[in-house]
Each structure stands twice: as C-alpha cells, then as structure tokens.
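Everything on this sheet refers to the single structure shown next.
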Amino acid sequence: MLGTVETMSVSPVFVGRAGELSVLTDALARAAGGGASGNPAGEPQALLVGGEAGVGKTRLVEEVLAEACRRDAVVAVGGCVEIGADGLPFAPFSTALRALHRQLPEQLAAAAAGQEHELARLLPELGERHERSRHDEEGMARLFELTARLLERIATDRTVVLVLEDLHWADASTRHLLAYLFRTLRRGRLVVIATYRSDDVHRRHPLRPFLAELDRMRTVQRIELTRFNRGEVHRQLAGILAAEPEPAMVDGVFERSDGNAFFVEELARSMADRCPSLPDSLRDILLVRIETLPEDAQRVARIVAEGGSTVEYRLLFAVARLSEDDLIEALRAAVGANILLATPDGDGYRFRHSLAREAVSDDLLPGERSRLNRRYAEALEADPSLVRDEERVMRLASYWYHAHDAAKALPAVLAASVEARRRHAYSEQLRLLERAMELWDSAPADVRAALRPLDYAEAYPPCSGDPQTTPLRFLDLMAEAAVAGRLCGERERALKITKRGQRLAEADDDALRGAWFSLQRSLLVSSLGRGDGWAELADAQELVRGLPPSPVHAEVLAEAAGWGMVHAPGPGSLATAERAVEYARMVGEEDNELRARLTHGSLLVDAGHVDDGLAEMYLVKERAVLLDLPSLIGRTHVNLPSVLEGIGRSAEAVDVLAEGVTLSRKYGLCDTEAWMLGNLAESYHSLGRWDETLEAAERALRIGLSPKPRGYAATRLATLALARGDTARATEHLDAARAHFGPNDPMPQSSLPLDVIALGIAAAQGRVTEAREEFERAAKDGFPPGTQRYAWPLLRAAATLEADTRGLPAAEPGRAEALDRIRKAARTLVTAVPVWTAHERWVRAELLRAGGQDTAADWEEAGVAFGAVDFPYDLARVRVRWAESLLPSDRTRAATLMREAADTARGLCARPLSEDIALLAQRARISLADDPPTTPAATPAAPGPVFGLTRREEDVLRLVAAGRSNRQIAEELYISPKTASVHVSNILAKLGVSGRGEAAAMTHRLRLFPASDEDQRASV
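Position 62 (the sequence shown) corresponds to 62 in the numbering used here; numbering is contiguous.
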C-alpha cells in the first residue's frame, strides 16, 4: 500500500459556503444541546445536501466533520456503493455503523443488547442473524425501528454525526431506512447528513419521489449548493496556486468552468501542467489527464473504474495481473496525479471524484467492460476472502451479470436474492429476482436443471417432488418475486406477477400453485384498496378443495377464517377456522395453526362460548411468546384485548395491551404498537380514563405506518371529541378515519363505529333526517352474528336520537318508521354477556322514552346493568335519565343520581352531559353541591333563566325549536324580522352552537321548555 502522496489541485483554503456552513454548524449546536432549540438534552437534526457533480458537497461536509471533531463529536461516514448500476443493500448504513463499532465498541454493544440477531442484518459484527420461520410485512419496519432506537441510544450521552454520501446511488432499502429515520428520530444528540447529486436526479430517477417526501417533512433541512461566482473562483485559484492568479486566468477559468469547483481544480491542474490546449469539457480534461499517466497506471484506473465505488487492494491485485511492484508503481502514479485516493481504512482505492470514474468507465469499449467484470467475478470465485462476507454474494452477482454470462449470472443472482431477503432488503430481492427471470431463457438448460429452490416463499409448494432432486421452476421465481414485492411495498408489480403466475399455473393444471397465487392476489387486492379480497380467497379455496392436506391448504383456510372474523363473523367463519386448525396440525405448520387458533378463539367468543374462546386465545399468546414469534406476538396482543373489550372486560384488556406495548417496543413492531394503542384508547375510553385515551390515540397516529391503525386511532379521537362536545373536531377526525380506511374494504369493526359517530354528529347539529339516514344505511343489511359489540352502540345512538327529538315538529315525518327499524334490529342481537345486556336495557328504555312511556323501573334496570360493568360514562348517561324519571316520586334518590352523574361528567370534561345534568337540576330545583339545602318535595320544578337567556330570547328559542323562520317568529311576537334575526344570533352565541338546527336539537335534548301534559299526550 502507498504512503502519503502529495497533491496540489485541491485548495487548502475553504472558499465560500458561509451560509451553508452556518446552517450545518447550527445543527451541530442544536443536537449537542445548544443553539436556537433551547433544549439542553439536544435533539436530532436531519439535513440533506444537494448539488450538481463537482460543486463542492464533499468539501463542505469535510469542513463540518472537522468542526464536529473539534467539538468532540463522534463521526461516522458511509457512502452508497455503486457496482456497475447496482447499489448494495444498506451499504452506507453498514459502513457507518461499522465506524461507530470501531470507535464505541462497548457503547454500541450495550445499545444493541437483546436485538443483536436482528441488527446483524446491517452490522454482521454483532453476531449471527436470527432467521425466523416466516417473513412478514413488518420485518423491514422492525429492522428500521431497531436501527432508529440503536442510534438514539448511542447518541444519548454524546453528539454523533452520521453522514451518508451519494444517495443518487442508494438502493431502495437504504432510501426507505433513511426516510424512516427522518420521520421517527425524536431523541438523542444525533445529526444525520445525506448528500446527493442533483444533476443525476432525472424525472424517473428513484430518488425523486424520496426527495419529494422529504420536502413534506418539516424536520428535514435541505441545502442546495450553487456554483461559485467569479470572486469565489478567484479565491479558489489563489488557494490552489498559493499565489495571486492573473485576472485573465481567473476570467478564463471562470468562463470555462462556469463556477463548478471541481472543474476549476482540473483546469488549474491542467494549466499547472502547461497543457498546450485545454479541452472544452470536464470529461475531456479528465481523460487527457489520465492519458498522461504511464500505461500501467492507465490500465489500473480502467480496472478500478469498473470495479465499483471502491476496490479492495487484494482484489485489484488479482484482477490487474501485474506484479505487486508494478501495481504499486502504477497506483503511485495515479494517486500522485490526484486521480485515485486510498480509502480511509487503507484497504483499497477509489477515484478522487466520481466524475473521473464515470469518465473512465464511459470510455471503456463494450467488450472491455464485460471482460473486466468477468475477471472480477473469476477472482472472487477463486478467493472469496477478497471482499467482506456480507458484500461477496451481491458483488459476484453484479460482476457476472455485467459480464453477460447467463450461465454464471443466473445462479449468482439467485444466491444474491436470498441474501437480500435475509437482510430484509426486499426491494433488492425483487430486483434480483426480476433479473433472474430475465436471464432464465438465456441460461443453458443444464444450468437451469442443476438449480434447486434456495428459499421458499411462505407456504408456497417448492416442488412436486424431493426438493433435493427436483429442479427450480420459473414459476418458483415468480412466487418469490410476488412475496418480495408485497413485503417491500411494490404491490402493483407484485400483483402483475401474481396474475401471470396464476395463469401459468392454470396452464400447467397445477391447482396447488394456482391456489397459492390466488391467495397472494387476495392479500394484494385488499392492501391496494381494490376490494376486500374475498373473490380471490374463494377461488383459492375452490382450487384446494379435494387436494391432499398441504401447507398451502392450511394457509388458504387460515386466511379465509381471518377474513371471516373481521368481515362476516358467524357460524360459517367459525367452521372455516376449525378446519384451518385441523389442516395446519396435519401438515405440521405451527405458524398457521397458531394463527388459525387465535381466529377460532375470537369467533368462539362471538358465538357466546366466552370462556372456551378466551382460554384458546390466551394459550396462543403464551405459545407465541415462548416461540419468540414477533409477528404472532403482535397479533395476539391486538386481537385478544379487542375481544376482551368487546365483552366489557376493559381493565383486563388494558393489562394485556400494556404487556403487548412493551413487547412491541422490544421487537421494534411500530405498526403493531399503533394497533395496540388504538385498542388501548378504546379501553381507556370505556374505563373513563379519557386523558389517557387522547394520549394513546395521538401516539398511534404518530407512529402508525399503515392506514388502518391510523384509521382506528382517528376513530377513537372522533368518539372522544363528540363526547366532549367538540363536533367540529369530531367531524375532522371522522373524515380522517374514513380516508384511512378507504371505501373498498368495509368491515363491521371499522364501519359501524364510524356510523355511530356520524349519527351522533348529525344529531348534535340538529340534522335529524341525516342522522336517521346514517342509521338506515348502516342497518339496511342487518347485523350478522358476531357484530353485536358494534351494533348495540349504534342502536342506542339511534334510539336516543328519537327520544331526544320527541315533540320536535321537524322530526315527526319518518319517526314511526325509524322506531320500527330500531326495534326490528334490536330483536336480532344477542345479549350473551353483561355489557351487551346493559346496552339492550338502555336501548329498550330509550325506545320507551321516545314514546313518553319510560318509567323509573326501566331506567333502574339499565342502571343496574351498567353498574355491573366498569363503563362510567355510559352509567352516568343512564343515571341522568333514571334521575329524571324519579323526580315525580323520589327526589332524594334522583338528586343522588344526578350528583353522581355530574361528578363523572365533570371528571371526564364531557360538556354535553354536564349541560344536560345542569339543566335537569335547574328545572327540578335540585342543587348539585355535595351538601345541598333541603328543598321541600312539594316545590314545583321551574326552569328559570337558562344559559343567560333573557325572557324575550327564551320566547324566540321556543319558536326556533318549533321550526319557525325569522319572519314567522317576528309575526308571532310582534317584532321586526331584523330584531328576530338579532335575537337568534345572540341565542346561538349563548348556547355555543353553530346553527338553528343545532339549537333546536339542544333545546329538545335538554328539555329546556318541557311540554305540558296535554302536549305530551298529543305527541304520543
């Protein structure tokens, strides 16, 4: 290897970039706990530095890193690696983490403790990778979350600067990980700087949507470097020449370089070498420079140009086929000419600037390029130790592919695809498998016949015979590509592959493989929002019907049972789940068996077999933890608490969810944690822990990666806002939830709660007809078995609407039909557990109230039923109606009930309920204080002034509630329409409502002006 070789084309003086340097150093200060942020603990900083090739990005970053080192920060640099046109998966992160490992070995080991096997996918030095039995959609996200946590822990007590260079060469997995870090890093003294070449990012470049995504993040600062002006070129030349340049020289260099810093350096070097004539383009200058080197040095430069961004010395020695002395002399000449540089670790060589490498590579002849790639591949095959273990397979695949040798390339590409899968680099796996399919027909038949399945796509049948003797088929490649596309998010590509695969399977009369591809289509159609996936699942079930038991059969039945659990719970889905468990056991597929048992347990509970169903689900949970299956652990800790909440065991659900959140954070299951937090928000709401509801739902929205958990979190926020009287905020969250769920995959567990909210908002705003339409639309197809936990609250909301609007003229048309519809739906729902019984009692009492026929006994039944379950808000609402019904007979008991309900409403900040109670107490002349003065029982109830309304405003409000217009009010009260309008505006402001309909609804709901007995009898 070479020692230091002096070069003179780089200016020792840092020129310009004062503003950009200030932004970067300020970020260092903020990360360290100073600067404008004012946070003494520091906060992560994310910066993106862009500019055309040669504009000075690397030099700017070097200045920042030098300043960081002066401030005792830990610096780690990783560059995206280009081998031909292929980037290595996660290459910059692996390099940067390796640098951190060298500098902070003990600290990094402590930060990675417990997750070394997962993080070894990025940094093999941490240990052996843990290959789980099943890859899933959260595998890559899990790795990303653990990486983010690792960096946050490393940067807890020190400032860490992580630099990722040349993003324009980054593989998709690297881009996804970087975007994840930019979105989720919230703690630690960490600065992440990424650089890219803007002139390389053409309209179809994969970095373009990534940059657009970052532009939408307020946490990422973007710096674009422009070219130097004439003054800056003058200072750069003075630094390079160590003397004041002639004005004519500055003018000439500035004109020809157009201010590109690297072009200025090369022009200055050419002038210093006294070239007789200067080429017009930078590329030509670089080639002329290289042509002045000795022949061996030129040859070595060409070899390095085709080897990738960096070439190891031993690999270069094997490919160059020079004596070591001749190679070192050639390298010395290239380094001395400032064409090549030794890598920081001293193990290899790279071009000083990528523009030089590209110029040399572009100048290679086609045959020369393929010959060099072949020699690289042959050298690696002969001695695999020439490169790092984690790079070898990928680089070998790239070298053979660019050598245009299909016989060698196909097996190498397939091996690389397996390595990509094992690193969770599914985007690269998909690209490699597509390349293998491209090579398939070009490879000799004997090569294809010698291939064996290297990796299996989930339950896909690897072959029809012994996998050790049966060759790999083209259809097997398509199966792997379909799963890789689904796991990396390239669902459109995956869907095209599955459609083609299914056609090929059908043409071969291969029902088993056809069923597998149909199952994949179901998953993709659902995730793309093109439908609910049932048609494809039904096709898969038909294809496996009558076939011998197999993993595919078990997978199809497990998915069908899971689909039925959320879309159509009932006897049919329960039977499918039982068959899924049976088939999975027969073929020894424990993953599928556990998934099917979890579904089976949930459906048993829906069918009324509560104890048996819960026992089954708890056993699955314990087994998943014992086997260390993160995906199933997440699923059990989502489904089991949901079932517990559905049967009114909210406190037990919270305990399971607390355990689940801890496990999800341990495994980095960010999306699963969002699901759990949504469930936790629901249980907190039931238990009356509403501030915790808000906290859990908002966190779920922040960390959720996929739409559905965000949809459930928005649903919880909408429910809370409505209960607290903020209909505007409730509407916003309702719209957000509907957008997250989308229109093409309706499920009772998502659609029915949204219907309850929509009905409640319409009712609160006095839109009675629209509220009824919401219920009619939701109930038109009935409520199948298993949906009662969602249906009962909807029936209660509809019945309460009818009771609250009794006597409202605008509500009379269609009232009888609405009540009949509610009664008919209620008769179809079961009451197998106490909470469902409580809802049934409440619905029945509200229906009686809607007809003016409710009694204290009816409300007492509902109150006692809710007293048996821990739902304080629902109990408080029932107590208000119970108290109202007791006023004529037992004012003491009524007062006690009102005070208990008032305490609950006050603690929950449930404004509508508090107003309801206050108005009822005012009308009944009952104090809500803890030690009220004694009021004679014979004292009649009197409304008195409400909401600060004057007598005239009360008269106007009575008429507004009766549906009168301003002109009709004016005529009846002998005032002008303008005066009536002023009164209405004042009333709306005092009531805190936005319109006449909402004011009328509130008047009737709170019974501000109770009707006379005669009026009540007339309305019944």
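By construction, the Cβ of each residue, glycine as well, lies at the ideal position given by its N, Cα and C atoms.
Asked	Found
Contiguous alpha helix (DSSP H) assignments of at least 4 residues, all confined to the region 682-768	690-703, 707-723, 727-741 and 748-764
Residues that residue 45 bridges to, as DSSP identifies them	191
Those residues which DSSP pairs with residue 298 across a bridge	For residue 298, which the question treats as bridged, DSSP gives no partner whatsoever.
Three-way DSSP call (helix, strand, coil) for residue 1021 in this model	Residue 1021 is absent from the model: the chain starts at 1 and stops at 1020.
Element boundaries [alpha helix (DSSP H), containing residue 422]	406-422
Buried or exposed by the 16-neighbour rule on C-beta atoms within 10 Å, applied to residue 49	buried
Member of 595, 450 and 460 whose CA lies at the smallest distance from the CA of residue 470	450
For residue 926, the first and last residue of its enclosing beta strand (DSSP E)	That residue, residue 926, is in no beta strand (DSSP E); it is neither H nor E in DSSP.
Residue(s) in a DSSP beta bridge with residue 223	49
Residue 818 and residue 779 closer than 7 Å at C-beta	no
Where the alpha helix (DSSP H) through residue 595 begins and ends	590-606
7 Å Cβ cutoff met for residue 260 and residue 19	no
Rounded separation between residue 571 and residue 530 - CA only	27 Å
Identified DSSP bridge partners for residue 1032	The displayed coordinates of the chain run from 1 to 1020. Any statement about residue 1032 would go beyond what the structure contains.
Residue of 491, 782, 549 and 505 minimising C-alpha distance to residue 525	491
DSSP state of residue 311 mapped onto helix, strand, coil	strand
Test item: CB-CB of residue 701 and residue 689 under 7 Å	no
Closest residue to residue 589 among 958, 553 and 60 (Cα-Cα distance)	553
Start and end residues, alpha helix (DSSP H) containing residue 907	891-908
Simplified DSSP state of residue 29, which is helix, strand or coil	helix
For residue 342: DSSP bridge partner residues	349
Whole-angstrom C-beta distance between residue 117 and residue 125, which should lie under 8 Å	About 13 Å; that fails the 8 Å criterion.
For residue 189, the nearest candidate out of 28, 247, 806 and 914 (CA to CA)	28
Sequence-distant residues of its chain with Cβ nearer than 7 Å to residue 598 (five each side left out)	617, 620, 635, 636 and 639
Exposure label - residue 30; buried when at least 16 CB within 10 Å	buried
Buried versus exposed, by CB contacts within 10 Å (16 or more), residue 199	exposed
Residue 493 versus residue 533: straight-line alpha-carbon distance, rounded	17 Å
Under the three-state DSSP convention, the category residue 196 falls into	strand
Buried versus exposed, by CB contacts within 10 Å (16 or more), residue 103	exposed
Rounded distance between the beta-carbons of residue 416 and residue 432, thought under 8 Å	5 Å
Cβ shell of residue 1018 (< 8 Å), same chain only, five flanking positions each side left out	In this predicted model, residue 1018 has a pLDDT of only 34, less than 50, meaning its place in the structure is not dependable; the value taken from the coordinates is given anyway. Answer for residue 1018: no residue qualifies.
Beta-carbon proximity check, residue 897 vs residue 905, cutoff 7 Å	no
CB of residue 876 within 7 Å of CB of residue 894, strictly	no
Same chain only: Cβ atoms within 6 Å of residue 681, ignoring 5 sequence neighbours per side	693, 696, 697 and 716
Contact the region 155-162 vs the region 667-681: 3+ CB pairs below 8 Å	no
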